[in-house]
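> Numbering (my numbering), first residue to last: 1324 to 1536.
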């Protein structure tokens, strides 16, 4: 029996990765740096904002990085207001189905300020027992620290993570969790480290998840 379910956010609950990518480039391009979509998918998609800018500008100091993170957050909010972020298939239905029936969390590399408005717009702002964001950990996925913190906050030592990236899978596995991968960002053959892979979350229930794991 699954003891808890922990959702990634971008690429699992909402289709927002291209908004993050565009927001990064709004900040990077004036500094002479640009991330292609292929590079973002290959290298940056599992990072939080802090580690993305660290990777792009390894010689920048803490204050310089903090300024970039602030500018990127503002750019993301502008893009979110103009373009919106649609829920991915089955995600909201599954969250509503699980909420109140099993300990439920989000573990994301996004900022809390990026996440909360979207949860509100989807009507699931009160569905989770805890939310772990980039604001809560000193290092991002693939390090297990984010998922370890989410499990600790839920009061569990095992459970199921739902992820869409290799970095997220590695983070969750490192924290001792089972992983269900969804092919929203990568093909199934790139997600083989997960315990199971599905094309979408549509039609899934707690009963079905328990049978899978």
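Where a beta carbon is used, it is the ideal one built from N, C-alpha and C, also for glycine. All of these numbers come straight from a predicted model, not from anything done at the bench.
(1) Alpha carbon to alpha carbon, how far is residue 1414 from residue 1502? Give it in angstroms, no decimals.
(2) Classify residue 1482 as buried or exposed, calling it buried when 16 or more other Cβ atoms lie within 10 Å of its own Cβ.
(3) Anyone know if the C-beta pair for residue 1508 and residue 1334 falls short of 9 angstroms?
(4) Does the beta-carbon of residue 1458 have 16 or more other beta-carbons within 10 angstroms, so that it is buried, or is it exposed?
(5) Hey, how far is the Cα of residue 1355 from the Cα of residue 1478?
(6) What do you reckon, are the CB atoms on residue 1505 and residue 1486 nearer than 9 angstroms?
(7) According to DSSP, simplified to helix, strand and coil, what is residue 1415?
(8) Starting from the C-beta of residue 1436, find all residues in its chain whose C-beta is less than 8 angstroms away, skip the five residues before and the five after it, and write them out in chain order.
(9) Whole angstroms are fine: how far does the CA of residue 1366 sit from the CA of residue 1378?
Taking the coordinates as given:
(1) 16 angstroms
(2) buried
(3) yes
(4) exposed
(5) 45 angstroms
(6) yes
(7) helix
(8) 1396 and 1400
(9) 9 angstroms
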